[in-house]
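For the record, the sequence lines run as chains A and B.
Sequential numbering of the first sequence, starting at 1, is according to this note's numbering.
Sequential numbering of the second sequence, starting at 302, is according to this note's numbering.
For every residue, glycine included, the Cβ atom is placed at its ideal position computed from N, Cα and C.
Below is one structure, written out as structure tokens; comments come after it.
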Amino acid sequence: MRPPSLESLEREAESIGADESPAMRAPPARRWGTLAKYWRIFRVSLGERLVYRGDFIIGTVLRFLPMVTTILLWEAVFKGSGQAELSGWNLYEMIAYLLLVHVSRMFSSMPGLAFGVARSIRDGDLKKYLLQPIDMLAYLMSYRAAHKAAYIATAALPYGVLLYLCRGYFTSWPDASTWLAFLASLSMAFVIGFYFEACIGMTGFWFLEVTSFLYVVNTLNFFVSGHMFPLDLLPPTLAAILKVLPFQYLAYFPSAVFLGKIQGDALAAGLLIELAWALTFALLARLLFRTGLRRYSAFGG
Amino acid sequence: MPIIEANDLTKVYRVYQKKDGFLGSLRGLVKREYKEVRAADGVTFTIEPGEMVAFLGPNGAGKTTTLKMLSGLIYPTRGTARVLGHVPSERADAFRRRFALVMGQKNQLWWDLPAADSFQLHREIYSLPAADFARTQGELIEMFGVGALTRQPVRELSLGERMKMELIAALLHRPQLLLLDEPTIGLDVIAQVTIQKCLKEYNAQRGVTMLLTSHYMRDVEALCKRVLVITRGKLVYDGLLAGITEQFGQSKLVKLQFAGETVPPGLEQYGELTKTDGPVADLKVDRHRVAEVLGAVLDRYTVVDMSVQDPPLDQMIARVFEEGNVGHASTVA
């Protein structure tokens, strides 16, 4: 049962909650009690996560090794192209971007969430929280938030060291309002990442085996979110399409904001659209859960 | 008012029938054939507050399906259930706060954390006042005798200890109804007996209603007077455990010990000779002929010792299962 691999660093949603949301139905006086419930879940999850702190630290350090090759690769690409800028990105911005993408993904990636949801539907773990007065999505969210907090806290030191070593790639430092926008975009990246993965996991209500579907989604996501390189490097039409889709908020958008690539009205509009996507996915996840449970209760269980 | 009212509960599953071989699998991609499986078929019974009832049946008979309908995990295809005054499938919080379902094969505790942390979590999930929670937890820990173990990660506990923790967790919110699915599965005899004792004590103290399934007749004999027997989705017996013997035990076991070293010949005329061991013989006799047979045997042979027994309960239950549909027994509840 011990989380085995390095990929499992931020893993994992083992367990699942229920349909009716006490948070939504509770009268105002009980709202604080409900919040306390999920705060407690947060704290217990945090405790669970920190049991494996050795796993954390090693995993975090190892995660940066590929960065060295990435830097060498892009230096070669720029040298080979003979240009100082590619689609408006110079080498320094590019490397800084790729470092920042790690920070964005630290908030938006949800390793194992979709798979965990699908598996608990399939294996019947779903039951255990259907039986208790608890809301599955709120439960999983608290659980994830705890894992993220633990992960970020542990990763802060190695990240700090790495960013310090690479400080030469950051030619300018963002001002206070950019910082604020960056943090806002990261928080919403967490929400979008969470509900998006949750929605994917809910397909488990309809399909018994979702592994290959998840694989396709993850691979595609790596590309369309801008995890590999800034979306601007793509042909303009494709880049324009990808910037309409919600996935850019998982990696590209926060990093570009930090580097000052998106400013003024575009920034304000981007943040609003990000918020809209966050809400859309939250609602979609609820809807899928409701519909899925109806099916589950009728056919399976 | 009854705590459980099951009325004509029926659940029909659609099961995909995969054809043999690769071609069959391909055909399955396009057009699938389904078979309807009646997991529960017109199950009707009521349970009054404070009762401890056993739910018996072979694997796949519909026990778990019925428990799932009663706990609101699945909707019945037909029929209705009322549990604690609620329709279970609505999964109202008020309903979920008042019962617990414990499955012997599923664990609800957090694997890597001490049980005490999971208990705290339950306190939050059920919004229990701190003082009540502390008292209940203390009582339960004492009753199950696991005081020193609650700070150990659950993964380091033995199966029996873990089951005790599961039961404590399930009882923390003081449910009025406890549904137990194979609570002693995989446990050794000592752990089984401890858990039986605790459940019994808890039932006596708090008047909690319990409905349990088990494959261990020892559990059933220790805990329940009343049993429901289900086979192939149908309820075939609802009554006292002792009544099963009367209704289904058509024969008795007569144990005879004769003087001398061996069993004398000629016993076959009185009944079926099921076992001989030196001078000891087991004779299966029709229950109505027991007196007559004993008289005749005592007249004819020198008998040192004898006893008349019902066949072992699990054998009898197995027969009930095999015979399946033998009609409803309307015995006392």
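With a cutoff of 8 angstroms on beta-carbon distance, L536/B and F346/B are scored as near each other. If only complete runs of 3 or more residues are kept, the region 430-465 of chain B shows no beta strand (DSSP E) anywhere. Within 10 angstroms of the beta-carbon of K465/B lie 16 or more other beta-carbons, which makes it buried. Looking at G386/B, V388/B, L368/B and T381/B, the one whose alpha-carbon comes closest to that of L513/B is L368/B.
Using a CB distance cut-off of 8 angstroms, I134/A counts as an interface residue toward chain B. DSSP, reduced to helix, strand and coil, places Y427/B outside both helices and strands of the structure shown, so it counts as coil.
N360/B is classed as exposed because its beta carbon has fewer than 16 other beta carbons within 10 Å across all chains shown. Below 8 angstroms, too few C-beta pairs join the region 553-563 of chain B and the region 528-543 of chain B to call them touching: fewer than three. Taking C-alpha positions only, N218/A is separated from L113/A by approximately 12 angstroms.
With fewer than 16 other Cβ atoms from the protein chains shown falling within 10 Å of its own Cβ, T603/B counts as exposed. Residue environment analysis places F190/A among the buried positions, since at least 16 neighbouring C-beta atoms fall within 10 angstroms of its C-beta. Residue burial is scored here from C-beta neighbours: F323/B has fewer than 16 other C-beta atoms within 10 angstroms and is therefore classed as exposed. With the rule of 3 Cβ pairs closer than 8 angstroms, the region 194-202 of chain A counts as touching the region 272-292 of chain A. At least 8 angstroms separates the CB of S212/A from every CB of chain B. Taking 8 angstroms as the cut-off, the Cβ atoms of A341/B and G363/B count as close. P350/B sits close to I304/B, with the two beta carbons spaced by under 8 angstroms. At least one CB of chain A lies nearer than 8 angstroms to the CB of Q409/B. Between L410/B and V447/B, the C-beta spacing is not below 8 angstroms.
Within chain B, not a single residue places a beta-carbon under 8 angstroms from that of S187/A; the smallest gap is close to 24 angstroms.
Taking one beta carbon from each stretch, the region 480-497 of chain B and the region 424-441 of chain B have fewer than 3 pairs nearer than 8 angstroms; the two do not touch. Distances from the CA of G508/B to each of A619/B, L460/B and L472/B were compared; the closest alpha carbon is that of L472/B. Any Cβ of chain B closer than 8 angstroms to the Cβ of S297/A would place that residue at the interface, and such an atom is present. For K556/B, the enclosing beta strand (DSSP E) starts and ends at S552 to F559. Among the CB atoms of chain A, none fall inside 8 angstroms of the CB of S459/B.
Just measuring C-alpha positions, the residue of A156/A, A149/A, V257/A and A146/A sitting nearest D175/A is V257/A. One Cα belongs to S225/A, the other to L293/A, and the distance between them is close to 30 angstroms. Distance from Q318/B to E334/B at the Cβ level is roughly 5 angstroms; contact confirmed, criterion being Cβ atoms closer than 8 angstroms. Think of a sphere of 7 angstroms around the beta carbon of D418/B: the chain A residues whose beta carbon falls inside it are V44 and G47, in chain order. Around the Cβ of K128/A, a 10 Å sphere holds 16 or more other Cβ atoms; the residue is buried. By DSSP's assignment, T532/B forms a beta bridge with K535/B. Here V344/B really is in contact with A307/B; their C-beta atoms are around 6 angstroms apart, less than 8 angstroms. Of all residues in the region 114-141 of chain A, the ones placed with a Cβ closer than 7 angstroms to any Cβ belonging to chain B are K127, K128, L130, L131, Q132, P133 and I134, in chain order. In the three-state reduction of the DSSP assignment, W206/A falls in the coil class.
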